[in-house]
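Protein chains in written order, with my numbering: chain S, 420 to 484; chain G, 29 to 436.
See below:
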C-alpha cells in the first residue's frame, strides 16, 4: 500500500488523525494533514482505507499493491 | 403524470421525538433523489440516501455560497440580511479555505484532546452545582447550555458573564418560526457584540482565539469584518449544537434505559467514543439538511441536477439509511457508527467536531455515573421539542433524582 495526501484539498477535519495517528498528523500552524508514513504496515491497512473513505475532502489517496 | 411534491422541511411524527419525519423514510425507500417544495414555491432536489449524499457533498460542483440569488432558502430573509452570510460556511473555496485555515489549528485533534482535563473540571463543577441545587431542575438551563458555553468562551476569549446575551440571540437566530426581522436583529446584535470584543482584543490581546485573529488583522491577512463574522459563527456553533446534543441525548438515553446503563457502567473510553458517534448519528440534530446549489450540470442516480438547481442533502435520513447502518432506527451504543454524516461531509464538515466529541464524551461518561438515579420530571410527551429550529433539540428537560443516589 502506498499513500498520498493532497494538502490543498485538506479541510483539517482531523478524521484521519482520529483513526490512524500512527500514519497521519496535523500541521502545528494550520491543522492541515501531514503524512507520517507513506507505506504503512499491513495491520494498519484497514484503518487507513477507512480514513481515506471518511476524509470529507477526499484528500487521501490509497494505492493498493 | 403528476406526482405529489412534498413540502420541506417536514415535521417529526408525534410520539417519535428521536426519529426523522416518516415522509423522509418513505422518500428514501423510493429512491436516492427527489424534488421537494419550499415555502417560496421553489423545488430543489432532496437527496435522501447516504452514498449519494456523501458523493455530492464532496463534489466541488456544488456551491455553499448562500449569497447567490438562486441559493435555496428554508425561510424568508429580511432585506437587511440580503447578501450576508455567516462567514466561511456560506462560501466556496478559495475564500472558504483561506478563512477556515486561520482557525483549523485551534480545533486540531491533539490541541482539543489537551483540553480534556479542563472540560472534565467544568463538567464536574456544573454537576456539583446541580447536586447542590433544587429539584426538579431544567437540565437545559442548569447544565446543557452552561457546559459548552463555558468551554467555547474560554477558547474564544468571550466573557462567560455575557452568556445570557449570546445564548438568547443565538436562539432567535437559529429559530425558523421567528420573523425575518427578528432573526436579522439577533444577527446584527451578535455582530455588534463580537466587533466590540475584537476591538478590545486589538487594544489588549490575551491568550485566546479572538486575540489570535487580531494578530492576523494587524498582518493584513484578515479584515476586522471577517474576524467578527468568524467569531459569531464559532460562538453560536460552539454552544448551541453541543447543548442540544447534551439535553436531547439525555432525553433519548432516559427513554432507552438499557443503552443508558451500558454508558453508565463502562470505563472504556472506546465505548464512550462510539456511544457519542451513535448518538450523533441517531439524533442528527442538524435536521434541516445541508443546503447547496449546483454550479454545473451533475449526473447522479439517473437524474441530472442542472446548473442553478438547489440541492438539499437530508443528513438526518442519510444517517438512517439501512445500506450504511444495519437496523438504522435502533439506538445501539455498541455499533460502528463513526462514518455518520451528522457533522456534514465535504470541505464544510464541522470544524469544531473534535471539540464537540470531547465535550460529549466527558458529559456522557460523567453525568449518568455521578447521578445514577437521574430521571425525567415530566411525561415524555410533555417535553417541548425544537420542531421549529434549524437545529433540533429540546427547549427544556425537567429532571430529578434521589438525593442519596448521587456519587461524588
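Glycine included, each C-beta is placed from N, C-alpha and C at the ideal position. None of the values given here were measured: they were computed from a predicted structure.
Query, Result
"Local Cβ density within 10 Å of residue 171 of chain G, reported as buried at 16 or more and exposed below that", "buried"
"Residue 475 of chain S versus residue 431 of chain G: straight-line alpha-carbon distance, rounded", "46 angstroms"
"Three or more C-beta pairs below 8 angstroms linking the stretch 377-388 of chain G and the stretch 225-234 of chain G", "no"
"Secondary structure, alpha helix (DSSP H): runs of 4+ residues fully inside the stretch 200-251 of chain G", "208-231 and 237-246"
"Residue 375 of chain G: contacting residues in chain S (beta-carbon distance under 7 angstroms)", "430, 475 and 476"
"Residue 338 of chain G - containing beta strand (DSSP E), residue span", "338-341"
"Whole-angstrom distance between residue 278 of chain G and residue 166 of chain G, CA atom to CA atom", "12 angstroms"
"Residue range of the alpha helix (DSSP H) that includes residue 394 of chain G", "381-398"
"Candidates G:224, G:143 and G:207, of which the one nearest residue 178 of chain G by Cα", "G:143"
"Distance, residue 199 of chain G Cα to residue 258 of chain G Cα", "18 angstroms"
"8 angstroms Cβ shell around residue 243 of chain G - same chain, five flanking residues per side excluded", "233"
"Positions along the stretch 78-96 of chain G whose CB lies within less than 8 angstroms of some CB in chain S", "85 and 86"
"6 angstroms CB neighbourhood of residue 374 of chain G in its chain, flanking five on each side removed", "85 and 86"
"Those runs of the beta strand (DSSP E) which lie wholly inside the stretch 146-185 of chain G and span at least 3 residues", "none"
"For residue 65 of chain G: DSSP bridge partner residues", "G:35"
"Three-state secondary structure (DSSP) of residue 414 of chain G", "coil"
"Closer than 7 angstroms at the beta carbon, the chain B residues around residue 449 of chain S", "Although the question refers to chain B, the structure presented lacks it and instead comprises the protein chains S and G."
"Per DSSP, the bridge partner or partners of residue 422 of chain G", "G:413"
"8 angstroms Cβ cutoff, residue 389 of chain G in contact with chain S", "no"
"Where the alpha helix (DSSP H) containing residue 137 of chain G begins and where it ends", "137-141"
"Spatially closest choice to residue 269 of chain G from G:334, G:370 and G:241, by CA coordinates", "G:370"
"Beta-carbon spacing of residue 312 of chain G, residue 343 of chain G below 8 angstroms", "yes"
"Partner residues on chain G for residue 436 of chain S, Cβ-Cβ distance less than 8 angstroms", "136, 137 and 138"
"CB contact check: residue 382 of chain G to chain S, cutoff 8 angstroms", "yes"
"Exposed unless 16 or more other CB atoms sit within 10 angstroms - verdict on residue 407 of chain G", "exposed"
"Minimum C-alpha distance to residue 89 of chain G - residue among G:401, G:328 and G:349", "G:328"
"Cβ of residue 191 of chain G within 8 angstroms of any chain S Cβ", "no"
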